[in-house]
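Residue numbering for the sequence shown follows UniProt numbering, beginning at 1 and increasing consecutively.
Cβ coordinates follow ideal geometry from the N, Cα and C atoms, glycine included.
Small disclaimer: the values here were computed from a predicted structure and weren't measured.
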Amino acid sequence: MNRYPGVQLDVVTSPRGKQTYEINKNVRWADAYDPDDYFPVPAEYVDMLGRIRNRYYDLMVSTKLAGFGHAAFLFMSSARDKVSYVWPDVNAVGAGLLLNETFTPATSNLSEGGYNM
């Protein structure tokens, strides 16, 4: 059953999860980049930003809790709409300015609350 026919997805995932997404017929590109790395190597960061910037996206959804740095990464992409969860504290102020839509979870551990990622 195909819920959204003709939809193509690009996925940015950890290196361990890349092969899982590549077998899905709706995934066009699966890029390996560690989104949980606190201090990314500058060359990898700029390379991933260049890949995202050179492709056109209607919507970019992040399932990671976004602070200002992660929201800035999404903001620098070519996506028309950018959506993410934000930290339920003062970090949400800066992130909210750079995103089109923000969601605030009840806790900082999303899997604990039953969120389906």
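**Asked** Given a threshold of 16 other Cβ atoms within 10 Å of its Cβ, counted over all protein chains shown, does residue 7 qualify as buried or as exposed?
**Response** exposed
**Request:** Drop a sphere of 10 angstroms on the beta-carbon of residue 76, count the other beta-carbons inside from all chains shown, and report buried for 16 or more, exposed for fewer.
**Result:** exposed
**Asked** When burial is assigned at 16 or more other CB atoms within 10 Å of the CB, is residue 71 buried or exposed?
**Response** buried
**Asked** Would DSSP call residue 103 helix, strand or coil?
**Response** strand
**Item:** Top-ranked residue by Cα proximity to residue 29, from 39, 45 and 52
**Value:** 52
**Item:** For residue 84, the nearest candidate out of 78, 90 and 105 (CA to CA)
**Value:** 105
**Message:** In this structure, how does DSSP classify residue 46 when only helix, strand and coil are distinguished?
**Reply:** helix
**Message:** Just verifying my parser: in three-state terms, what is the DSSP assignment at residue 93?
**Reply:** helix
**Item:** Option nearest residue 15 by Cα separation, candidates 9, 3, 27 and 32
**Value:** 32
**Alpha carbon of residue 57 to alpha carbon of residue 100, nearest angstrom** = 14 Å
**Item:** Beta bridge counterpart(s) of residue 10 as assigned by DSSP
**Value:** 29
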